[in-house]
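Input: a single structure, listed below in structure tokens.
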Amino acid sequence: MDELFERLGELGELDAQIERAAAGQGCLAVVEGPAGIGKTRLLAEARRRAEGSMRVLSSRGSELEGEFPFGVVRQLFDSAPADAGRREGLTDGAAGATAGIFGELDAGSDEAAGASFASLHRLLGLVLGLADESPLLLSVDDMHWCDRPSLMFMTFLARRIEGRPILLLTGLREAEPGNDPGLLGELVEDPAATRIRPGPLGEAAVKALVEDRLARSAEREFVAACLESTGGNPLLLTQLVIALAGEGVLPDAQHVDHVDQIGPRAISRTVLVRLARLPGEAQSVARAVAVLGDGAGLPAVAGLARIDEGQVAEATRELARAEILRPQPPLGFVHPLVREAVYQDLSAGERELEHARAAAMLREVGAPVDRIAAQLLQTTPRGEPWAAELLWEAGRGAMHAGAADSAVAYLRRALDQLAAAAAAPVDSERARLSFELGVAEALTNGAAAQEHLALAREGLQDPLDRGAAAGLLARTVLFRGAPEEAASIAAGAAAELPPELEDLRMELEAVESMAVFFGADHREHRGRLERLRGLRGHIGQNLGSRMLASVAAWETLCTDGTAAESAELALAALEGGRLWAADPSLIPFAAIVSLVVADRPEVPGIWKGVLEAAHRRGSLVSASSTHLWLGYSHLCRGDLAAAAESLREADEAFTLWGHDAYANATSRSIMVEVMRESGRLIEAERLLDQIGEVPPNTQNAGLSLTARAGLLMATNRAAEAVAVADELAALGEAVPDASRLWWRSLKAEALDRIDRREEALELVQEELAVTSAFGAPSRLGRTLRVLGTLEGDDGLANLQEAVTVLGGSTARLEHAKALAALGFGLRRARKPKAARDPLRRALELAAACGADPLAEQVRSELRASGARPRREALGGVDSLTASERRVADLAARGRTNREIAQELYVTLKTVEVHLSNTYRKLDITSRRELPHALGEPASSL
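Encoded structure:
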């Protein structure tokens, strides 16, 4: 390998990254710069230096294979254990089997694109398994050309290598948008990333390189000309010097004009000149590799070049000696710019014909479908039936691999092939293809999905197929922010169905009813929603009936129903898990969140099953919804650390999926609440600003307004909070919303701050009637606490009742607030000794919840009462947070840290931190002491 000039600083940083990763610290390094600056050489040198201390896996993005699902990941693991059983052993537990990633796509999956989130976890399990055996270097060059599924995995992995012996090293061309600029930015802008930017070579390095290549001393004028011509770019300089050497140019002042003549065309000119000097077979091989792409096999190259494999082998040796192809496998060019020079030397017509020949030839030799499809994407559709069928097959395979973007590219081109056919395509065939394309686009591009699903609905003849297309179309329109149109589509499709498709009619009715919560006219659909409540006690076993029951559960909660009525409908909807299996992204969460708000004890068990299913086979769509509402559930239970972790997972899934800001508003509104309760007010304000305006008359608006009002109160802007609470009240008139259970007490607290206590008392007494009728302890307890606080010395009875009501609930943070309010009230009533016990219990719970502001406030009150509180939470099992308790229970049952991380879908670092905190709080030193220290294990969630 040639000497690296002026790269000591970059190599030193890479050495440090290798050393840190080998020691188990986990590193992400990004080598970035313009084309030819030496990124590939630096990555190669890093791999060479790491070979003694790390297992080294490498891959490279390719412009031609940007639609090849998980193509870069497949390359990466080509040097990993090849035995399928070996891979399986490395991905036990939640990671599952790796079929569907390594060439055996799960063609039997019943959820379109459902493998994507599960695939990420399976790959993560494989990487962690390899890292458990030895430190691991994952090198990915030309990341800007990485296929989107692989890029999703790299982004996913980068956030989970902390504390692991893994170095993720990437090479990236600056100013190249890539296949997904947003995801690429997520990776590169990661705060943990070390960014290495090699600069242009200086005069001394240019002189050394020129003299090394030309084997002569170079005069200063000649060196300056070379530097000016190439800007110090190592690749341009190398190609320039190769050309000069080929023409016998001496490196002196008299030959400076030769530099000026050759320099601007250094790469294309010199590469093509060198290629022209080689035998015809070598020229054919170079062009064949340019068309087929890096990694092409000898049989394919031989077929396209029209020579035998022995001649290909000889030609590749000559091309390597000419520094056009790499000397080591896999077959490929020394640099993408060299490939570009050869490829662009072909005329547009020649390129078109060669790609078409390559596709036909690869088909004849039985190449993988997606490799043939990659060639077809480079050609103009010719209406060939086999091409349409193959692209259709490739699209289905990409969907099963979780690569919706690739599926869209293949299926669109398949549709173009049908349109170009000499004979008009059968309408039903075109409609079915449009439907599958719409399904894929629904995961990536709502506008395009809407167009193709509408075409499919019009073209499909079978009522069942038409109804299915209409259902997905309605959902797509709903998520795009047009609830009235969505409701109209679902209603129209339901009306067209024959009587024997009653189940599908119910499913469409459920979608129509959900539109109300997204902002469809509530008055128009009021009668339908009221009829839904009549389903109690009459829930059938069919899917449509369960979907309606789920919607009815939420509608009951958001209007004037009770917690018990809502829970009855929700439990019936979720029984057996069929509803979630059929629809893991929308309707089931109406039932689940209803149970959360109703304080039902079944919630932990339901979440456990949903989480397992979501990570085993769920799509990013379902994973984002799952973690979003799990985060809300943790917030309601008072586990702020677990809530933040789940909401981060949701936000990451939204980002990987490509959700827009509107979709992220829900998760971020809940995160603002978590941050406020945790005392992270500056972060909360910054995040709230990112949310921006949320469409009115939607449940997103309810969460956003609640978060905004709470933060205004926390930052002493009570008058503004009153105005926001009024908006929340108005929302309830436009759309059924759960905020009916708390907006009055929220406004009352703000009114009290601006000396309008009489109005505040009137409002909270109104809310007491609402929450008493509803019957959920967490909601009633909150109202009683606010009422008791506003009543001053006369409110102790209500505060005591709040403590009693909340004592039997899962809402630990609300219980802590009630205990604190009782303690404050008792101290103000000159009963300091009586105040100490509720204050101590409040401190214990607040610390366990991670509610630092509340804990600090209670400490101050304890001091004022004459007690001396410890700064840390009280010890013992009760001081453990819910997250710490879950981890401790699994560790006590003999699970390893890695098994716990897989079962709970958290990082190993998170497990280690929770166990460390647990040992400290329980005053033990090892996991062997956990069973005795814990006593009975807690709930799994």
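Note that the sequence shown covers residues 385 to 1325 in my numbering.
Backbone N, C-alpha and C fix where the C-beta goes; we use that ideal spot for every residue, glycine too.
Per-residue DSSP class, three states only, for residue i
i	result
I550	strand
F537	helix
R579	strand
D525	strand
E1326	For residue 1326 there is no data in the structure shown, the boundaries of the chain being 385 and 1325.
R557	strand
C411	strand
T482	No answer about T482 holds up, because its pLDDT of 43 lies below 50 and its placement is not dependable.
F389	coil
S1324	A caution first: S1324 carries a pLDDT of 47, below 50, which makes its placement in the model too unreliable to give a value.
L520	strand
S493	Since pLDDT at S493 reaches only 40, below the 50 mark, its modelled position is unreliable, and the value read off the structure follows with that caveat. S493 falls in the coil class under three-state DSSP.
A1257	Per-residue confidence for A1257 stands at a pLDDT of 49, beneath the threshold of 50, marking its modelled position as unreliable; no derived number is given.
L709	strand
CB of residue i within 8 Å of CB of residue j, strictly
i	j	result
A684	V633	no
P519	A405	yes
S613	V643	yes
I990	Y1016	no
R671	V726	yes
A1103	I1138	yes
E390	A589	yes
L656	G420	no
R1134	M1097	Per the sequence shown, the amino acid found at residue 1134 is Ala instead of Arg. In contact: A1134 and M1097 (Cβ atoms closer than 8 Å).
A833	A826	yes
A1160	L1147	no
G903	P1079	yes
D1273	E1228	no
H505	G445	no
I651	L721	yes
E387	T578	no
L521	M438	yes
L598	P565	no
Pick from the options that is closest to residue i, judged by C-alpha positions
i	options	result
L426	Q459, Q401 and A894	Q401
D1307	K1293, R1282, L1274 and L1264	L1264
D754	V722, E1142, T764 and A787	A787
G1250	R1214, G1234 and R1279	R1214
P847	A875, P882 and V1106	P882
A1034	R1169, L774 and S1051	S1051
G960	F461, L941, V981 and A997	A997
R930	L1014, S1156 and M890	M890
A407	D516, A1105, L1024 and G455	D516
A1026	N829, L1190, S1267 and R581	S1267
V456	E1240, D525, L512 and L927	D525
L593	V572, I971, G616 and E605	G616
L775	P714, A1049, R796 and V981	R796
R1282	P713, G779, L510 and R1211	L510
Q1237	E1077, V1154, L1024 and Q1083	According to the sequence displayed, residue 1237 carries Pro and not Gln. Residue L1024 is the option with its Cα nearest to P1237.
R705	A689, R658, G681 and Q728	R658
S897	Q925, A879 and L932	L932
V718	A874, E573 and V673	V673
Per-residue burial, residue i [other beta carbons within 10 Å of its own, 16 or more giving buried]
i	result
H739	buried
N1100	exposed
W1126	buried
H1316	exposed
Q801	buried
E830	One detail in the question is off: residue 830 reads as Gly in this sequence, not Glu. Flag for G830 reads buried.
T1188	exposed
W770	exposed
E451	buried
R1247	exposed
R569	It is worth fixing the name first, because residue 569 is Gly in this sequence and not Arg. That one is exposed.
is_contact[residue i, chain C] using C-beta, thresh 8 Å
i	result
V625	Reference to chain C is not applicable here, since this structure consists of a single protein chain.
Within the region 970 to 1011, note down every full alpha helix (DSSP H) run reaching 4 residues or more, in order along the chain.
Whole alpha helix (DSSP H) segments, 4+ residues: 972 to 981 and 987 to 1001.
Which parts of the region 422 to 467 are runs of the beta strand (DSSP E), unbroken and 3 residues or longer, counting only runs that do not cross its ends?
You should have 439 to 444.
List in chain order: all unbroken beta strand (DSSP E) runs of 3+ residues lying wholly within the region 1170 to 1201.
You should have found no qualifying run.
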